[in-house]
Amino acid sequence: MSDQDFMMTGNSKPHAKNLRNGRFAEPGRIYVITTVIRKRRPVFNDFKNARLLIQVLMGHERAGFARTLCFVVMPDHLHWIMQLGDDKNLGKTIHALKSITSRKVGRSIFQKGYYDHAVRKEEDLKALGRYIVANPLRAGLVNNINDYPHWDAVWL
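When you line the sequence shown up against this note's numbering, it's residues 424 to 579, in that order.
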């Protein structure tokens, strides 16, 4: 991917179409996914909306789209460490997650595109998980992660 593909627009947001350039997804691979709410509205401050998103994550697991290893639902975005299901497509999996969640919430809520990072074998998955789970602490939402209701990790 060229440096131009990462150029920002005048409002300092990446072009959604450029987020897809050069993207290759490998079934069975572990990914760190971040998807953001349109205009960073705090849709998931509403407990019910956050739980709806978590239900969709669990539904993706039951359907074999992805195995959830770790997630944290922040007020305006989702961090998700997942293992892509066998014979599954990353883009379609994320699209389904966003589409189903939006339908359950009752309106389109997500920005176009998403950020993904394919986890390399040498990366410490538990450290990535701890970093993701600590987001509510760093954001000042809680003083103790056990006080934040919208996260889970298979290691904890």
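Just so it is clear, CB atoms sit at the ideal spot from N, CA and C, and this is done for glycine as well.
Under 8 angstroms between C-beta atoms of residue i and residue j
i	j	result
residue 479	residue 507	no
residue 486	residue 505	no
residue 575	residue 494	yes
residue 475	residue 542	no
residue 554	residue 458	no
residue 461	residue 532	yes
residue 483	residue 524	no
residue 571	residue 513	no
residue 544	residue 578	no
When the options are compared against residue i, the one with the closest alpha-carbon
i	options	result
residue 456	463, 540, 471 and 544	540
residue 448	510, 473 and 503	510
residue 465	578, 564, 570 and 552	564
residue 559	545, 577 and 499	499
Identity of the residues DSSP links to residue i by a beta bridge
i	result
residue 574	495
residue 455	504 and 540
residue 460	533
Whole runs of the beta strand (DSSP E) within the segment 465-534, excluding any shorter than 3 residues: 489-497 and 500-507
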